[in-house]
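To keep things clear, I will list the structure first and then write my remarks on it.
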Amino acid sequence: MANADSCVTIHMAASLDGFIARKDGSVDWLETSDEFADGDTMDPEFVEAFLKTIDCYVMGSRTYETALRFEAQGSGWSYGDKPTFVLTSRELPRIRDTVEFYSGDLAQFVNGHLRPKFRTIWFVGGGAVSAQCLRLGLADELRYSILPILIGDGIPFFEKLDRDIALHLAEVKAYKSGMVELCYEVRGHRGDSRNATT
Ligand SMILES: NC(=O)c1ccc[n+]([C@@H]2O[C@H](COP(=O)([O-])OP(=O)(O)OC[C@H]3O[C@@H](n4cnc5c(N)ncnc54)[C@H](OP(=O)(O)O)[C@@H]3O)[C@@H](O)[C@H]2O)c1
1 MANADSCVTI HMAASLDGFI ARKDGSVDWL ETSDEFADGD TMDPEFVEAF
51 LKTIDCYVMG SRTYETALRF EAQGSGWSYG DKPTFVLTSR ELPRIRDTVE
101 FYSGDLAQFV NGHLRPKFRT IWFVGGGAVS AQCLRLGLAD ELRYSILPIL
151 IGDGIPFFEK LDRDIALHLA EVKAYKSGMV ELCYEVRGHR GDSRNATT
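Following the working numbering, the numbering of the sequence shown begins with 1 at its first residue and continues without gaps.
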């Protein structure tokens, strides 16, 4: 049974021109050096408290492979001790007890397995999985962190969608680092009274 209080969020950081990684998968450009004087400072205590509100993570296998590379380079694991579900049809190394693999129907997995168990479900990429999540009407919220950089080409935030998806802008925050965080609610589903097509 689906949990009416559960919320599926898609969150990624992207360049201003809408890419989440270069074509070769590299994300070196995430380290930017801008300074926006009027921006907020990212408070580590706030970030820590916020991360505690996330109940589980979901990601595609290529994003997991990037996380594996980061871990191997000593940059750590970004998902703490939270359950982390990796979508894959392949055999991949399971580097932590919190990692579980899934292959198959994403709607059935989210509605039948994740929503009844978890309240705050974060999809953390990549572009293929985010598009699948949106195409299937599974996302409630989109968090888009735009970095002050253009990279010209790369892996898009979403692979092609087959229809328009109307959004409601719920929050905007600008940070001293020049990053802008946009939070949108996905309109026209799960009891949203706003009309999705207007
Ligand atoms: N900037 C950011 O915030 C950010 C965030 C996340 C990722 N990234 C970057 O984005 C890149 C990866 O994105 P991507 O779009 O190429 O790939 P992705 O979405 O991470 O992974 C796609 C893969 O997941 C597997 N998959 C998806 N749905 C499945 C399902 N229902 N059942 C079984 N397997 C399923 C398939 O691979 P199999 O062949 O394994 O089945 C598919 O090819 C990486 O370079 C990563 O570093 C950036």
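Backbone N, C-alpha and C fix where the C-beta goes; we use that ideal spot for every residue, glycine too.
- [ ] Note down the Cα distance separating T53 from T120, rounded to an integer number of angstroms.
- [x] Here residue 53 refers to the residue found at position 53 of the sequence shown. Here residue 120 refers to the residue found at position 120 of the sequence shown. Distance between the alpha carbons of T53 and T120 is about 7 Å.
Task: S61 CB to nearest heavy atom of ligand 1 below 7 Å - done: As a working note, residue 61 is residue 61 in the sequence shown. Yes, ligand 1 has a heavy atom inside 7 Å of this Cβ.
Task: Contained alpha helix (DSSP H) runs [length at least 4] in the segment 119-186, N- to C-terminal order - done: 127-135
- [ ] Go through its chain and collect everything with a Cβ distance to F158's Cβ below 8 Å, but skip five positions before and after it.
- [x] In the sequence shown, the residue the question calls residue 158 occupies position 158. Correct list, in chain order: G127, S130, A131 and L134.
Task: Cβ shell of V58 (< 6 Å), same chain only, five flanking positions each side left out - done: For this step, residue 58 is matched to residue 58 along the sequence shown. F85 and F123, listed in sequence order.
Open item on the list: Going residue by residue through the segment 59-84, where are the continuous beta strand (DSSP E) segments of at least 3 residues, counting only ones entirely within it?
Closed with: none
Task: T88 - partner residues in DSSP beta bridges - done: The count along the sequence shown starts at 1 and reaches residue 88 at position 88. Paired residues: none, contrary to the question.
TODO: List the DSSP bridge partners of H11.
DONE: Position 11 of the sequence shown, counted from the first residue, corresponds to residue 11. R143.
Open item on the list: Using only CA atoms, which one of R96, S6, S78 and G178 lies nearest to T32?
Closed with: Start at 1 with the first residue of the sequence shown, and residue 32 comes out as number 32. Here the closest residue by C-alpha is G178.
Open item on the list: So, for I155: in the same chain, excluding its five sequence neighbours on each side, which residues have a beta-carbon less than 8 Å away from its beta-carbon?
Closed with: Taking the sequence shown and counting its residues from 1, one reaches residue 155 at position 155. Taken in chain order, the residues that qualify are F19, I20, A21, R22, K23, G25, G126 and G127.
Task: Under 8 Å between C-beta atoms of L199 and A13 - done: Residue 199 lies beyond the residue range present for the chain, which begins at 1 and ends at 198; the question has no answer from this structure.
Task: Proximity winner among S89, R96 and C7, relative to S103 (alpha-carbon distances) - done: Sequence index remark: in the sequence shown, residue 103 carries index 103 (1-based). Measuring from the Cα of S103, the nearest candidate turns out to be S89.
Task: Cutoff 7 Å; reference S61; Cβ partners in own chain excluding five residues on either side - done: Stepping through the sequence shown from its first residue, residue 61 is reached at position 61. Cβ neighbours of S61 beyond the five flanking positions: V86, L87, T88, R90 and L92.
- [ ] Excluding the 5 residues preceding and the 5 following T98 in the sequence, name in chain order all residues of the same chain whose CB lies nearer than 7 Å to its CB.
- [x] As a position in the sequence shown, residue 98 is number 98, starting the count at 1. Around T98: D81, K82, P83 and T84.
Open item on the list: For ligand 1, is there any heavy atom lying closer than 7 Å to the beta carbon of L87?
Closed with: For this step, residue 87 is matched to residue 87 along the sequence shown. Yes, ligand 1 has a heavy atom inside 7 Å of this Cβ.
Task: Counted within 10 angstroms of its Cβ, other Cβ atoms place S15 as buried (16 or more) or exposed - done: Counting from 1 along the sequence shown, the entry for residue 15 is found at position 15. S15 should be labelled buried.
Task: Cβ neighbours of Y64 in the same chain (closer than 6 Å, five flanking residues each side left out) - done: By 1-based counting over the sequence shown, the position of residue 64 is 64. Contacts found: V86.
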